[in-house]
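Input: a single structure, listed below in structure tokens.
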Amino acid sequence: MTDLFITASANSPFVHFRKTGEMEMSGKIILDHNAEFWSQLFSWIDDYKNVLTSKTTVNLQIDYLNTSSLKELNKFLILIASLKSENSELNIFWHYNESDIYMKEIGFELSKQSGFNFQMKIVKEFV
């Protein structure tokens, strides 16, 4: 299994998923054709399940997403939440700009829908 690295573009986020259990996604998700992007992530998580580490940490810092991307992100987070087990710790951090109430609410809603409590982290200013 190899790490997954996707460079950010104007419409897609930076992604770096490490086989050590550290996962990061940040930026905008406003893709018109979602399937190819999300299939890479779903496939990587399916492979990761076979080598699941004792601790998985997911850091999400999304500053904008469209409706179709929100649906796919929800599916992705439900899949991530399923990694939690007796033998594997899972932490999901939702980072949001302190002035962006919409993204804060999205984080709470995604946490609720995935059935896993995200740790909400305020970011003073996105880099």
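Sequential numbering of the sequence shown, starting at -19, is according to my numbering. Built from N, CA and C at the ideal position, the CB exists for glycine as well.
Mark S49 as exposed unless 16 or more other C-beta atoms lie within 10 angstroms of its C-beta, in which case mark it buried. Working through the sequence shown from its first residue, we reach residue 49 at position 69. By the neighbour-count criterion, in which 16 or more other beta carbons inside 10 Å mark a residue as buried, S49 falls on the buried side.
Could you name the residues of the same chain whose beta carbon sits closer than 7 Å to that of T0, not counting the 5 residues immediately before and after it, in chain order? As a working mapping, residue 0 is identified with position 20 in the sequence shown. Excluding residues within five positions, the ones whose Cβ falls inside 7 Å are T33.
Please report the residue range of the beta strand (DSSP E) in which G7 lies. Counted from its first residue, the sequence shown places residue 7 at position 27. Here the beta strand (DSSP E) through G7 covers 2 to 9.
Around the C-beta of E52, are 16 or more other C-beta atoms found within 10 angstroms, so that it is buried, or is it exposed? The residue labelled residue 52 in the question sits at position 72 within the sequence shown. That one is buried.
Quick one: what's E69 bridged to in DSSP? Counting from 1 along the sequence shown, the entry for residue 69 is found at position 89. Beta-bridge pairing links E69 to K35.
Return helix, strand or coil for K(-1), following the three-state DSSP convention. Mapped onto the sequence shown, residue -1 falls at position 19. DSSP places K(-1) in coil when its eight states are reduced to three.
What number of angstroms, rounded off, separates the C-alpha of V38 from the C-alpha of N71? Taking the first residue of the sequence shown as 1, we reach residue 38 at position 58. Taking the first residue of the sequence shown as 1, we reach residue 71 at position 91. Using only the alpha carbons, I get a separation of about 6 Å.
With C-beta atoms as the reference, is I10 less than 9 Å away from L40? Position 30 of the sequence shown holds residue 10. Position 60 of the sequence shown holds residue 40. Against a cut-off of 9 Å, the Cβ pair of L40 and I10 comes out as no contact.
Between the Cα of K35 and the Cα atoms of N54, D12, K64, which residue gives the shortest distance? Locating residue 35 in the sequence shown gives position 55, where the first residue counts as 1. Nearest C-alpha to K35: K64.
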